[in-house]
Amino acid sequence: MPIETSMQKSISDLNLSNKHKSQLERASQRRSNIFMDRYILPTISGFLSNDLNGMPHLFAKESGAFAHQDMLDFGLETHPVTGRIPYQFTLFTNPLDNAKYDQRSAVPGKRSGWTPPSERVVNAGWCVFTFEFDGGSIEDLEMQLDWFAGKPENCPFHAVHKALSAFPDYRGYCAVFSGNKSIHIHIIFATNHLSKHVPTGKNTKSKEIWQGDLPDRFLGEVHRQAWTTIAEMINLNLETDVQFDTFLRNYVQKRRLPWGIRQFKKRSDLHGFNVGDEIEQIVVQENVLTRSPKQSGGTPLISAEGFNSLATAERTASRKPSPSYIATDQQPRVLDDFRMYLMSNGWAEYPKPATLHHDGSFNVVHFFNDEQDCNPSTFVRGDNRMLVGGGKAAPALGVFLPNDLSLDDTLSLLAPNQLKRIEGTSARKSRKKALASVRFKEDATDLKQARAVLAPILDNVARLPGTTMVQALEGIGKTYFLMSVATEVNWDQDAERYRQAGLNRTEFSPAKGFVALACKSYAQCYSKANEFARLPSGPSNIVLIKSMSRIYEDALKGFANESEITRQRAGELGYPHLLHAIKGEQPDIFKTMTEIRDAMWPQINGVAQFDPCAFVVLVHPVLQNWPHSLYAKAFLHPDFPNDLDPDAISKCAAQMTMKRVIYDEVEWQDLVSLYPLWMVQLAKDAETQCQSQAKEEWEEAPLSDRVSAFKRSMANAGSPDMSYDTCDAIIRAGLTEADRYSIDASRFPFGKGTNENNIYAQCDGKEYYVKERRWWKSLNCPVVILTTEDLPRLVAKGINSVQPNMPSTPREIITIFNLTDAPHLIHETVQLRFDERVRMPRSDDKPSVINMADDLLAGDVGYIISNGVPRDDPRFDGKVSSHKDA
31 MPIETSMQKS ISDLNLSNKH KSQLERASQR RSNIFMDRYI LPTISGFLSN DLNGMPHLFA
91 KESGAFAHQD MLDFGLETHP VTGRIPYQFT LFTNPLDNAK YDQRSAVPGK RSGWTPPSER
151 VVNAGWCVFT FEFDGGSIED LEMQLDWFAG KPENCPFHAV HKALSAFPDY RGYCAVFSGN
211 KSIHIHIIFA TNHLSKHVPT GKNTKSKEIW QGDLPDRFLG EVHRQAWTTI AEMINLNLET
271 DVQFDTFLRN YVQKRRLPWG IRQFKKRSDL HGFNVGDEIE QIVVQENVLT RSPKQSGGTP
331 LISAEGFNSL ATAERTASRK PSPSYIATDQ QPRVLDDFRM YLMSNGWAEY PKPATLHHDG
391 SFNVVHFFND EQDCNPSTFV RGDNRMLVGG GKAAPALGVF LPNDLSLDDT LSLLAPNQLK
451 RIEGTSARKS RKKALASVRF KEDATDLKQA RAVLAPILDN VARLPGTTMV QALEGIGKTY
511 FLMSVATEVN WDQDAERYRQ AGLNRTEFSP AKGFVALACK SYAQCYSKAN EFARLPSGPS
571 NIVLIKSMSR IYEDALKGFA NESEITRQRA GELGYPHLLH AIKGEQPDIF KTMTEIRDAM
631 WPQINGVAQF DPCAFVVLVH PVLQNWPHSL YAKAFLHPDF PNDLDPDAIS KCAAQMTMKR
691 VIYDEVEWQD LVSLYPLWMV QLAKDAETQC QSQAKEEWEE APLSDRVSAF KRSMANAGSP
751 DMSYDTCDAI IRAGLTEADR YSIDASRFPF GKGTNENNIY AQCDGKEYYV KERRWWKSLN
811 CPVVILTTED LPRLVAKGIN SVQPNMPSTP REIITIFNLT DAPHLIHETV QLRFDERVRM
871 PRSDDKPSVI NMADDLLAGD VGYIISNGVP RDDPRFDGKV SSHKDA
């Protein structure tokens, strides 16, 4: 057992159920330490004996630089009881080389002079992928403990272990209690098959799956991409949708060490621990293999073949292989011409072209970053203009090849006679792609060709100002393509800003603001964030932003005796805003909300970091309210002031700006507001009463006055079913009599029943207020709206038709692309079966969709998408889904 101190906390001190305390007690008595014994300690010994190039670094402090060599200063003393655990340490990293100090590179306040950890990544035969869900509540912690309840072969996490065992490089897992809110799940993969220079021992499998040596400098990117794949596998096999801490995608990030002693640097309200308290990081469970899994196949998760082109695949532009290459004997001369060309176009000596080669698919030039650079890691790929920085002194901002030319275009300009054509490649098209929507119908002969035709259209759409709507077929890849070019669009914008700054002799700074992807649900947000992270050109920092109301809802789950405070209730209590009410009435919940909020952002030494240029994923309502909800938006900023200082709140809100938005799966309700006459009349009455009482317009009046006016209006009307939030939305919509419409069912006849039975005819004569929403204009940035359905496009077309005097500014109209007319794709789409005799299920014996589904499944149809078919009926189990689910 660990050495007792006056501040040592035990399992009995944890704020957990007795069941989960017993689970940790049993784990503590087992003292399982296989991961340490088989991987961490032998690798350290191998490094010290010069048998390995790197080792995991151990840390006694949770904060501080990676360069400190205090690990070796401790002498790796063993635990006085177990005799094998370096008990001083709390955290560890994946294998790294030792840091070297270079006084010439030291810059006070910027660079320490020690080799950065990202440049010390080495292959020592294994690496760990760590997954942490820091939910912030006891329920979240107990859920994670439940994943490992029971023996390894019987616990829920065994499904993950079994799925990962399909990979021959998988080596098991070790789950470590962090001592506070979460479990650190360490999943181990072998990497000795990625290099012939790493010892393999008796494991011949690594030789069987060797596909070539992968340079160590690409292991970090390998880790980032594989981490996302494993995270999805964990969620899939545990049937959960938790969002693991994406900061741990970083290869060099510190992780919880088995059996380390954690000392708290700040109070833990979850368990009531104070600063200085200590607790043991218990190995909850581990299932570590000695060799390749028995049931594994021949394809490793991490392969040199799969990642060998990382140096040329990162941050691509057109993703088209180079059509020509420079012969080896001509490369030195062309490289000299390339250097002269760059210098003549205003380049400094560095970055300086070092090598030119063709890797089998692309031309690649690597660059020296400065005169001390002996390992040129910065590169540019044939189809790209921007250099991707790597190594010491790498360019901090985007550096672009001159004259808006890619590397391939530049080589064609400099050495047209030295280029050798590669058979089977087509000539590169100009980057200025023409709008090709008129050819979509004829050229989209199959799904692959349809995507090829769609690509230049969407590339053009991604660069358009104002608001654009694209209606295209489901599954054609419109969202994926727009996400994949988002980074390149940012580069191009910054390149133009850089050019303009040079012409005007002003200081250059990259454009601030989020690139946002708005989804219908949080489940889709999580899925898209993972998809975005896997893109070769995907950003390194993706933030899934929850709404303030969702954060409040999540925080409330940890306080069973507390109930939700609504905006109406906040006004009744006299608070100026809901946040003030939560902080005043529920301070513990407010604190939990800030912790949940901070967990959305990347962390450095436990402190949430705001990124003004992050790629964010959020749900539709959050984006729609973004231009107007100052408090709710500001609260999502990690620097939101806990004292609710108005000036600081305004400053936070001002930094939360959008630079470009992709709005996926729009619905008509997102584009227009529709309210029945009676609601509007009541809201206008409330507005009038507020003006009379507060002597101010509704938007300027205190929340308490607005709520008071709303309650009086509702009481006078007999308390109809309308909420304060709906009343507030109606007033802020600014409805006028020009927005009032009366339904004429005869103009658009639907159905065949009589007036008594026809739901459309029953609406005849009813009055509604209908008005376009303005969120896409108020965002003040380019917005691309995506849909597969006709109705949103027709609504957008109607919005354009009522614009006064056909305004010329792009912000005022929605540019529409309809890419659904593709007669050649009839076999690529879902078949539609129609029978006007069937109805939704009713109590009588008339034919319904259930009968139709029975008949279709008895024939040649294997799966049905339809509303009204009971999925819990054994006849349809696994064979049907609703339209929404599909």
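Using my numbering, read the sequence shown as starting at 31 and increasing by one per residue.
Note that beta-carbon positions come from the ideal geometry of N, C-alpha and C, so glycine has one too.
Fair warning: this is a prediction, and the values are worked out from it, not measured in the lab.
Bridge partners of residue i, per DSSP?
i       : result
Gln-293 : Glu-308
Thr-385 : His-396
Thr-498 : Val-814 and Thr-845
Ser-298 : Phe-303
Lys-801 : Ser-703
Trp-156 : Ala-220
Trp-144 : Tyr-131
Val-545 : Phe-645 and Arg-690
Pro-125 : Pro-86
Look at the Cβ atom of residue i, then the Cβ atom of residue j, and state whether they are nearer than 8 Å.
i       : j       : result
Leu-249 : Val-151 : yes
Leu-441 : Leu-431 : no
Ala-525 : Leu-653 : no
Val-206 : Val-314 : yes
Thr-850 : Ala-502 : yes
Thr-120 : Glu-92  : yes
Cys-549 : Val-649 : yes
Leu-765 : Ser-743 : no
Gly-155 : Pro-229 : yes
Ile-218 : Tyr-69  : yes
Val-394 : Arg-411 : yes
His-301 : Asp-43  : yes
His-667 : Gln-685 : yes
Ala-745 : Asp-735 : no
With distances taken Cα to Cα, identify the nearest neighbour of residue i among the options.
i       : options                               : result
Arg-597 : Lys-587, Tyr-582 and Gly-588          : Tyr-582
Glu-308 : Asn-317, Glu-316 and Arg-297          : Arg-297
Arg-564 : Gln-241, Lys-91, Phe-163 and Arg-254  : Arg-254
Tyr-790 : Lys-801, Ile-773, Val-800 and Trp-806 : Ile-773
Gly-496 : Ile-692, Ser-333 and Pro-186          : Ile-692
Leu-88  : Arg-285, Phe-392, Asp-875 and Ser-391 : Arg-285
Leu-704 : Asn-393, Asp-769, Glu-730 and Lys-689 : Asp-769
Pro-651 : Met-630, Ala-759, Pro-668 and Ala-684 : Ala-759
Tyr-893 : Ser-878, Val-910, Pro-904 and Met-882 : Val-910
Tyr-380 : Gln-699, Val-364 and Arg-369          : Arg-369
Tyr-510 : Met-630, Leu-816 and Arg-627          : Leu-816
Asp-619 : Lys-587, Pro-446, Tyr-605 and Met-630 : Reading off the sequence, residue 619 comes out as Ile, not Asp. That would be Lys-587, whose Cα lies nearest to the Cα of Ile-619.
Asp-673 : Gly-614, Thr-718, Ala-731 and Pro-706 : Gly-614
Ala-924 : Glu-726, Asp-715 and Arg-60           : Any question about residue 924 goes unanswered here, given that the chain covers just 31 to 916.
Lys-737 : Asn-830, Leu-372 and Cys-757          : Here residue 737 is Val; the residue named in the question, Lys, does not match the sequence. Of the candidates Asn-830, Leu-372 and Cys-757, the one whose C-alpha sits nearest the C-alpha of Val-737 is Cys-757.
Phe-670 : Asn-635, Asn-655 and Met-623          : Met-623
Roughly how many angstroms separate the alpha carbons of residue i and residue j, rounded to a whole number?
i       : j       : result
Pro-288 : Val-272 : 23 Å
Asp-246 : Ser-407 : 11 Å
Asn-267 : Gln-293 : 34 Å
Ala-662 : His-223 : 50 Å
Leu-54  : Leu-331 : 32 Å
Phe-708 : Val-696 : According to the sequence shown, residue 708 is Trp rather than Phe. Answer to the nearest angstrom: the Cα atoms are 28 Å apart.
Ala-683 : Asn-210 : 32 Å
Asp-915 : Arg-279 : 31 Å
Val-282 : Gly-419 : 18 Å
Asn-405 : Asp-359 : 22 Å
Met-31  : Pro-182 : Per-residue confidence for Met-31 stands at a pLDDT of 40, beneath the threshold of 50, marking its modelled position as unreliable; the derived number appears in the next sentence. For Met-31 and Pro-182, the distance between alpha carbons rounds to 23 Å.
Ala-220 : Glu-592 : 48 Å
Asp-81  : Ser-75  : 8 Å
Tyr-556 : Leu-574 : 7 Å
Ile-452 : Val-647 : 41 Å
Leu-194 : Pro-632 : 27 Å
Val-832 : Arg-804 : 14 Å
Trp-796 : Val-190 : One detail in the question is off: residue 796 reads as Lys in this sequence, not Trp. Those two C-alpha atoms are separated by around 56 Å.
Lys-741 : Phe-187 : 52 Å
So does residue i have its beta carbon nearer than 7 Å to some heavy atom of the ligand ADP?
i       : result
Asp-243 : In terms of ligand content, the structure shown is empty, and the ligand ADP therefore cannot be addressed.
Would the region 630-647 count as touching the region 539-556 if we require 3 or more Cβ pairs under 8 Å?
yes
Assess, as a yes-or-no matter, whether the region 484-499 is touched by the region 798-812 under the definition of 3 or more beta carbon pairs within less than 8 Å.
yes
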